[in-house]
Amino acid sequence: MTTLWPRIEPLLARVEKPARYIGMESGSVTPEHRTDQVSWLLVYPDTYEIGLPNQGLQILYEIINERPDACAERAYAPWVDLEAELRARGLPLFSLETHRPASAFDIVAFNLSAELIYTNVLNCIDLAGIPVRAEHRSDDAPLVLAGGHCAYNPEPLADFVDAFVIGDGEEAVGEITAVVSAAGRDRRRTDLLRDLATIPGVYVPSLYEVHYDGPAVAAVEPRYPDVPSRVEKRTIADLADWPYPKHQLIPLVEVVHDRLNVEVFRGCTRGCRFCQAGMITRPVRERPADQVRSMVRDGLRRSGYDEVALTSLSSADFSGIDGVVADLVGDQEGTGCVSLSLPSLRVDAFTVGLASEIQRVRRTGLTFAPEAGTWRLRSVINKLITEDDLYASVDAAYSQGWRRVKLYFMVGLPTEMDDDTLGIAELARNVVAIGRRSTRAATATISVGGFVPKPHTPFQWFGQNDAPELGRKVGLLRDALRRSGAQVRWHDPAATFAEGIASRGDRRIGRVIERVWRAGGTFQEWSERFDLDRWVDAMGAEGLDPHWYVTRHRHRDEVLPWAHISAGLHEDFLWDDWQSALAEHGLPDCRWTPCYDCGVCTDHALEHVVGSPVPPAGGSQGTGQDLSRGGAVPVRFLEVARAR
Amino acid sequence: MRGDAGHPIRLGFSKQGKVRFVSHRDVARAVERAIRIEALPVAFTQGFSPRPKVSFGLALAVGYESRAEYLDLELRDPIDPAGLPEALSAALPDGLDVTGAAALAPRAPALQEAVTTVGYEVRVADLAPAALTDAVRLALAAETLPVPTTRKGRDVVVDVRPGLEHLEVAGEAPAASLAVELSTRSRAARPAELLTALRVLAGVDAGDGEDRVLRTHQWIERDGARLEPLEADRAPLASAEAGPRALEACA
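Heads up: the protein sequence lines correspond to chains X and P, in order. Each residue of the first sequence is one higher than the one before, starting from 1 at the first, in this note's numbering. Each residue of the second sequence is one higher than the one before, starting from 645 at the first, in this note's numbering.
Here's what the structure looks like:
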């Protein structure tokens, strides 16, 4: 297969940021494409700058390329200017490493990180010259796969994707390679799909029939007896066995998260009820601290980066994180300016202490995510941060030299009343007042997103707020925070509504996504290219009611469109946790407190892999604290604040 | 930033192949990473957000290749520059290769101010050799060559004739190319603007093909002599005794 480079090269002089399309990153490989190898094209269906840092894609890229029977290249969605140039010349989507046409690969596999990129998936398939609908593909068309968090509700893309991988992909990519290799290139497509469906964690939607009862899904049933009625997620038992990426890709173009990223653990049992990532990635699997240290050391030496992030859903929860941080900071004495960052869900003095250890010089901004404005609502969502904890944390931050604190909140959460929304404003005002005691320059940024209920969470039954209601709540906040010293930023409620259509959509939503795409609706995460009317019009054209999908509360006995996909969680657990939420009862973190049997460990012979059996130093939310209180506004703080 | 007690080094490098699409700013980032990979004892700026002391010469447009790029960096400790080309080339992306290094005299003028003339080799797309030769003759005979272009996002008309120091057709058809020398002084002309002027003179529009531009030289003209940047302002031998300067690196 010849490279398309000579035809692509002259086009690059005409487009924005052409270096996005040349590959050449340190860590990338140039495969030979032997005929006895199964070739994978791993596609992130958003721009290079967004997609390149994706760790999941990079991990699979390395694992596949280490196999003698496989090779992998990468592609990202070309921006609209290059897409127009390609289409004008009949040129297809291409790989970055050897600039081969996408259709020359055996497998084209998509990473699904967010619902609003679904139209880009269709666009990439089409630009590859592959029929968009799976049913129209001939035997010799590449196999179209998809994985990532959004695959836990595969139905909206079921018409377009041949097979989904549910859960961790590290082992599954090898098993898929073996099945594709054994089938050979003369196989019938339908036979290959039947074979793939025998791999645990692989869901082949065309082998399932969806039955409807009016607007509702009545059942999703396999068409054949050898096809599993329920597809269980894949889970790698121990992260220590998977020290990937060993050679993180170092892009030539500046990208988001442009730094060394080392995953310190996977999974999270904080139990935030809105958080799909926390629910579907259980149990907690920590990487051994020494492996973290060596991955950081080797990665910095190899990459030349001056920043490293210890990544996970809440890295301050890593066992012995303080020791790891102290070692990393100590290692750098005298070697220059390496900064360290870590995301944390915790809001406590311990986290601020870590941050001050890390950010010795550039104390620009520190971010906390209380998510809701009152203790009552934080008990509903199980984000058990007390106001004492929050105020003490921001006080510590401002008094240790930080000038800007960023606070993340959601509006549209279950049971939310206007008092809860306005509680955000009260928190924000108090935070600014606390900051002003340390520095006149203290500011706070309040970032507000609309809540979208996600499959496989306790909130999957909740009816989302519609766009006008979310807009009204944002307006309440803006009014309440005028001249407060706190800046309010918010996410477009219309985009939140469209995300809601896809988040809990069933198979019929595929037609809607196809219509939005055909109407030109690509890059829907980019506000300048998003238009809710396209989505509403497409729903109308398909005879579907957006509110039925987005704002309707579900019943317990309703068959959810993703009921045949298992994240390992008992449905009883999710329902009971939803009832606990409505009763405003918090649930502790099972990493350090007794098991409440969510189903993941008990049914799947898994367990937490943690370095420490006790909660992290400094105490923390949901680790044995008294959950009966937390909302008493600390009057002491307020009086001091007002006196100034 | 230069001269007082640090150890300035000038590097020459080339940028060829696919890497020609990497922006000037991203090249700078790649160089900073290469410096860290090789653990060069580079000096840092003072202040809130210390940066390594690296300064680049004239920017090269995205898409152009070059055999004559330069940058200056300042080291805390003296090192023999002879080993730098091989070490840094290995740490840089393919297509970026350090071709020479020289210790600089203290207080040497910065590249941005020192370089006076830049040479290019240009392959012009979709213009017949005869038409190209005619256009070159007309351009050289013209008093002014006004070209509509954009500067800082605004539509302006620039005259590329005053900055045009040399222009001739080199080589034979079909591999004919232009040898161009443009002044960096007053309103520096850009190769793309010159090509626009030539197309206007030839009466043709830009086609589907891509003009290929290779920067071949940068010259520092001083007292009537043309010097390559690695030759100009070399440190006198045995000047490396000033001793390392204690610089606050990070914390």
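The beta carbon of each residue, even a glycine, is placed where N, CA and C say it ideally should be. Note that the structure is a prediction, hence the values are computed from the model and not measured.
CB-CB length for residue i against residue j, believed under 8 Å
i         : j         : result
Glu652(X) : Lys246(X) : Since the first and last residues shown for chain X are 1 and 644, residue 652(X) lies out of range.
Leu354(X) : Asp306(X) : Wrong, their Cβ atoms sit about 19 Å apart, outside the cutoff.
Glu170(X) : Ile236(X) : 5 Å
Glu97(X)  : Glu66(X)  : In fact, because the Cβ distance is near 15 Å, the residues do not count as touching under 8 Å.
Leu390(X) : Leu427(X) : 7 Å
Glu286(X) : Leu239(X) : 7 Å
Val43(X)  : Cys124(X) : 6 Å
Met410(X) : Ala372(X) : 7 Å
Glu713(P) : Phe665(P) : Contact doesn't hold; Cβ gap of about 15 Å is too wide.
Leu252(X) : Ser28(X)  : Leu252(X) to Ser28(X), Cβ: 10 Å. No contact.
Leu858(P) : Ser710(P) : 7 Å
Asn382(X) : Gly586(X) : 6 Å
First and last residue of the uninterrupted alpha helix (DSSP H) at residue i
i         : result
Ser356(X) : Ala349 to Ile358
Gln276(X) : Gln276 to Ile280
Asp577(X) : Glu571 to Leu582
Ser896(P) : Here chain P has residues from 645 to 895 only, and residue 896(P) is not among them.
Cys124(X) : Tyr118 to Leu127
Ser206(X) : Counting along the chain, Ser206(X) falls outside any alpha helix (DSSP H), and DSSP gives it neither H nor E.
Val394(X) : Glu387 to Ser399
Arg437(X) : Asp418 to Ser438
Leu728(P) : Leu728 to Ala735
Asp778(P) : Pro773 to Ala785
Asp195(X) : Arg189 to Leu196
Ala678(P) : His668 to Ile681
Val801(P) : Counting along the chain, Val801(P) falls outside any alpha helix (DSSP H), though it belongs to the beta strand (DSSP E) covering Arg798 to Asp803.
Residue i - containing beta strand (DSSP E), residue span
i         : result
Asp545(X) : From DSSP, Asp545(X) is part of no beta strand (DSSP E); its letter is neither H nor E.
Asp716(P) : Glu709 to Leu719
Thr840(P) : No beta strand (DSSP E) contains Thr840(P), which is instead part of the alpha helix (DSSP H) from Pro835 to Ala846.
Gly487(X) : As written in the sequence, residue 487(X) is Gln, which differs from the Gly given in the question. Unbroken beta strand (DSSP E) run through Gln487(X): Ala486 to Trp490.
Arg795(P) : Pro790 to Arg795
His810(P) : Leu808 to Ala814
Gln291(X) : Looking at the DSSP string, Gln291(X) is not in any beta strand (DSSP E); the run it does join, the alpha helix (DSSP H), is Ala289 to Ser303.
Leu646(X) : Absent from the model: residue 646(X). The displayed extent of chain X is 1 to 644, so no value can be given.
Glu371(X) : Gly365 to Glu371
Leu249(X) : Taken as a continuous stretch (DSSP letters only), Leu249(X) belongs to no beta strand (DSSP E), as it is neither H nor E.
One or two residues paired with residue i in a DSSP bridge
i         : result
Met410(X) : Gly449(X)
Ser314(X) : In DSSP, Ser314(X) forms no bridge with anything.
Asn54(X)  : Looking at the DSSP assignment, Asn54(X) forms no beta bridge with any residue, so it has no partner.
Cys477(X) : Note that residue 477(X) corresponds to Leu in the displayed sequence, not to Cys. In DSSP, Leu477(X) forms no bridge with anything.
Phe657(P) : Glu713(P) and Val742(P)
Cys71(X)  : Ser39(X)
Ala444(X) : Val405(X) and Ala486(X)
Ala146(X) : Phe110(X) and Phe164(X)
Gly763(P) : Glu825(P) and His861(P)
Val308(X) : Leu260(X) and Leu340(X)
Pro222(X) : Tyr208(X)
Pro696(P) : Phe688(P)
His99(X)  : DSSP lists no partner for His99(X).
Asp213(X) : Ala216(X)
Under 7 Å by beta carbon: chain X residues contacting residue i
i         : result
Phe665(P) : Leu12, Pro18, Ala19 and Ile22
Lys662(P) : Ile22 and Met24
Residue-level contact to chain C via CB, residue i, 7 Å cutoff
i         : result
Gly650(P) : In the structure shown, chain C does not exist; the protein chains are X and P.
Interface residues of chain X facing residue i [CB-CB closer than 8 Å]
i         : result
Ala735(P) : Gly304
Legend entry - Residues of the region 250-269 of chain X whose Cβ lies closer than 9 Å to any Cβ of chain P, in chain order: Taking 9 Å as the Cβ-Cβ cut-off against chain P, the residues of the region 250-269 of chain X that qualify are Ile250, Pro251, Leu252, Val253, Glu254 and Asp258.
Legend entry - Chain-ordered residues of the region 19-47 of chain X with a beta carbon less than 9 Å from chain P: Of all residues in the region 19-47 of chain X, only Ala19, Arg20, Tyr21, Ile22, Gly23, Met24, Glu25 and Ser26 come within less than 9 Å of chain P when Cβ atoms are compared, listed by chain position.
Legend entry - chain X contacts from the region 670-704 of chain P (Cβ-Cβ distance under 9 Å): Closer than 9 Å at the C-beta level to chain X, one finds these residues of the region 670-704 of chain P: Asp670, Val671, Arg673, Ala674, Glu676, Arg677, Ala678, Ile679, Arg680, Ile681, Glu682, Ala683, Val686, Phe688, Phe692, Ser693, Pro694, Arg695 and Pro696.
Legend entry - Proximal residues, the region 706-728 of chain P versus chain X, C-beta separation under 7 Å: Within the region 706-728 of chain P, the qualifying residues are Val706 and Gly707.
Legend entry - Against chain X: residues of the region 851-880 of chain P by CB proximity under 7 Å: Within the region 851-880 of chain P, the residues whose Cβ lies closer than 7 Å to some Cβ of chain X are Gly853 and Glu854, listed in chain order.
Legend entry - Contact set between the region 736-766 of chain P and chain X, restricted to residues whose Cβ is under 7 Å from the partner: Those would be Pro737 and Asp738, in chain order.
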